[in-house]
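Residue numbers (the numbering used here): 31 to 470.
Read the structure below first, then the notes.
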Ligand SMILES: Cc1cc2nc3c(=O)[nH]c(=O)nc-3n(C[C@H](O)[C@H](O)[C@H](O)COP(=O)(O)OP(=O)(O)OC[C@H]3O[C@@H](n4cnc5c(N)ncnc54)[C@H](O)[C@@H]3O)c2cc1C
């Protein structure tokens, strides 16, 4: 372990990195790979770099409402259907006028959101949907194994729960509305079983009788504590010789056409390779390079119930509610909501509280005492395809952001692919559909 690692405990959110930049810069081995962002994506990239002996340094500003600690935990390699599907677009107007609906855009943000929404609508064309599904399918291949690879090495496989996931439907008519998206997933190899009420109740007896149909996805999994997962991966990065610092990156330093480092609020950190993995904040750092990426935050919420009084065997998603209900190691979590309102507005508690209505629709007798709420910024691109791989016009700058609703799922495979590519291993993967330049 190099001398420059001075953090206490497994997490990096203890402030120990502050004020130590001078010491770091004087360390004998200058870090040559800087990863901007210590969410689950940046950490997985750093883990794979560290595993190859490349000693990355992760720089994280500890932004409020980063996404990785509070997600629903679903690990869903078969979720290749992009958000912009014709069926979803048909539901949007109804969702928009329903103040309690899953989608909310405050009036003040309409004008700002309009260009992104126009691109979102354009992404729902059949050719774009097919292209997005192919790209996501290639990224998510072997996802659960990628997560287990890291967790096995870190002695924390208990974080993964392999009991599948289940979509819940009130009746056949409601299930028919999902037909296109389910068919797309099936074509991409996702195994699914359609269950009647008796089969549903045999697996999930506490689910309300209002749900009479279900689709079981036996090969999907989940993480029972996404916050602990980030701590475990962060500890792994350090164990393997990498470093993690709490510092804000202000810009990427260039030398001619290539990366020379990053400018932080505590000074310059020289680096030959820079990985941009700053979640919903990433696009800002590309703008000075002349690259415009339509990255928007879809703010999501969760409510955590320490003692819900119901037993849930696997991640459930009631289709009429568009939420995920996840059994976590410290209680039951209901997560969801899409609020397009920017990075700076404070959380809207009312959006979180609506999730309890969704939960009660599935579990009418759920106990809600001790409920805690949380909000996080999903980094979303209009076509649901993250930005991955090297920039074309600038050498040594790599992107790993924009995983949207599936960033936990995509984090471990992204780490493996970017880590291998930076190490010069030429992974069998086509980065072209993920390029930052695809938006023109
Ligand atoms: C309610 C909700 C439920 C979800 N459920 C699921 C799910 O079930 N399954 C799934 O696969 N995904 C899910 N997601 C999505 C997933 O959580 C995100 O896609 C993923 O966490 C994104 O990870 P990230 O590392 O890219 O971003 P983040 O976790 O947001 O991390 C970005 C990091 O970059 C840092 N940063 C930003 N700017 C700078 C800067 N200038 N300098 C230094 N550091 C900086 C921030 O401090 C932050 O730590 C959910 C999201 C939400 C909100």
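All residues carry an ideal CB built from backbone N, CA and C; glycine is no exception.
Note that the coordinates shown come from a computational prediction; the quantities given were computed from them, not determined experimentally.
Please work out which residues of its chain come closer than 6 angstroms, Cβ to Cβ, to residue i, disregarding the five sequence neighbours upstream and downstream, and give them in chain order.
| i | result |
| --- | --- |
| residue 101 | 256 and 438 |
| residue 279 | 66, 89, 292 and 294 |
| residue 414 | 112, 113, 162 and 434 |
| residue 153 | 114, 412 and 413 |
| residue 453 | 82 |
| residue 210 | 117 |
| residue 458 | none |
| residue 447 | 457 and 459 |
| residue 22 | Because the chain in this structure spans residues 31 to 470, residue 22 falls outside the shown range and cannot be described. |
| residue 427 | 289, 304 and 421 |
Can you tell me whether residue i is helix, strand or coil according to DSSP?
| i | result |
| --- | --- |
| residue 78 | helix |
| residue 443 | helix |
| residue 201 | coil |
| residue 46 | Low local confidence applies: a pLDDT of 33 at residue 46 is under 50, so the model's placement there is unreliable, and no value is given. |
| residue 285 | strand |
| residue 153 | coil |
| residue 211 | helix |
| residue 70 | helix |
| residue 146 | helix |
| residue 224 | strand |
| residue 195 | strand |
| residue 433 | coil |
| residue 438 | helix |
| residue 159 | helix |
| residue 290 | strand |
| residue 57 | A caution first: residue 57 carries a pLDDT of 44, below 50, which makes its placement in the model unreliable, though a value can still be read off. DSSP places residue 57 in coil when its eight states are reduced to three. |
| residue 482 | Outside the displayed range of the chain (31 to 470) lies residue 482, so it cannot be described from this structure. |
| residue 280 | strand |
| residue 330 | strand |
| residue 240 | coil |
| residue 451 | helix |
Provide the residue span of the alpha helix (DSSP H) that contains residue i, from first to last.
| i | result |
| --- | --- |
| residue 177 | 173-183 |
| residue 388 | 379-392 |
| residue 261 | 256-269 |
| residue 312 | 312-316 |
| residue 227 | 227-233 |
CB of residue i to nearest heavy atom of ligand 2: below 7 angstroms?
| i | result |
| --- | --- |
| residue 282 | With respect to small molecules bound, the structure shown includes ligand 1 and not ligand 2. |
With a threshold of 7 angstroms on Cβ separation, who are the neighbours of residue i within its own chain once the five nearest residues in sequence on each side are excluded?
| i | result |
| --- | --- |
| residue 204 | 349 and 350 |
| residue 469 | 322, 323 and 324 |
| residue 173 | 105, 107, 439, 442 and 443 |
| residue 338 | 361, 362, 396 and 397 |
| residue 464 | 165, 415, 416, 417, 418 and 419 |
Would you mind reading off the limits of the beta strand (DSSP E) that contains residue i?
| i | result |
| --- | --- |
| residue 247 | 243-247 |
| residue 303 | 303-306 |
| residue 275 | 273-276 |
| residue 187 | Note, residue 187: premise wrong, no beta strand (DSSP E); not H, not E. |
| residue 325 | That residue, residue 325, is in no beta strand (DSSP E); it is neither H nor E in DSSP. |
| residue 297 | 297-300 |
Looking at the C-beta of residue i, does it have a partner C-beta in chain B at a distance below 8 angstroms?
| i | result |
| --- | --- |
| residue 443 | Looking for chain B here will not work: only one protein chain is present. |
Which same chain residues end up closer than 8 angstroms to residue i when comparing Cβ atoms and leaving out the 5 residues on each side of it in sequence?
| i | result |
| --- | --- |
| residue 125 | 131, 132 and 133 |
| residue 171 | 107 and 443 |
| residue 471 | With the chain running from 31 to 470 in the structure shown, residue 471 is simply not present. |
| residue 460 | 168 |
| residue 71 | 98, 307, 309, 430, 431, 433, 437, 440, 441, 444 and 445 |
| residue 392 | 198, 237, 238, 241, 346, 348, 351 and 355 |
| residue 315 | 66, 279, 281, 282, 306 and 308 |
The segment 420-427 contacting the segment 285-294, beta-carbon criterion three pairs below 8 angstroms: Flag = yes, the segment 420-427 and the segment 285-294 touch.
Can you check the segment 84-141 for any beta strand (DSSP E) of at least 3 residues that lies completely inside it and give the ranges in chain order? 87-90
May I ask you to verify whether the segment 74-90 touches the segment 400-420, counting CB pairs closer than 8 angstroms and requiring at least 3? no
Is the segment 101-112 touching the segment 130-141, taking contact as three or more C-beta pairs under 8 angstroms? Taking a cut-off of 8 angstroms on C-beta distances, the segment 101-112 does not touch the segment 130-141, as fewer than three cross pairs fall below it.
Quick check: the segment 233-252 against the segment 201-216, are there 3 or more CB pairs under 8 angstroms? yes
Just to confirm the assignment: which complete beta strand (DSSP E) runs, minimum length 3, are found wholly within the segment 333-370? 345-348, 353-358 and 361-369
Should the segment 212-229 be called in touch with the segment 256-266, which here means at least 3 C-beta pairs below 8 angstroms? no
I'd like the ranges of any beta strand (DSSP E) spanning at least 3 consecutive residues and lying wholly in the segment 392-427. 402-410 and 417-420
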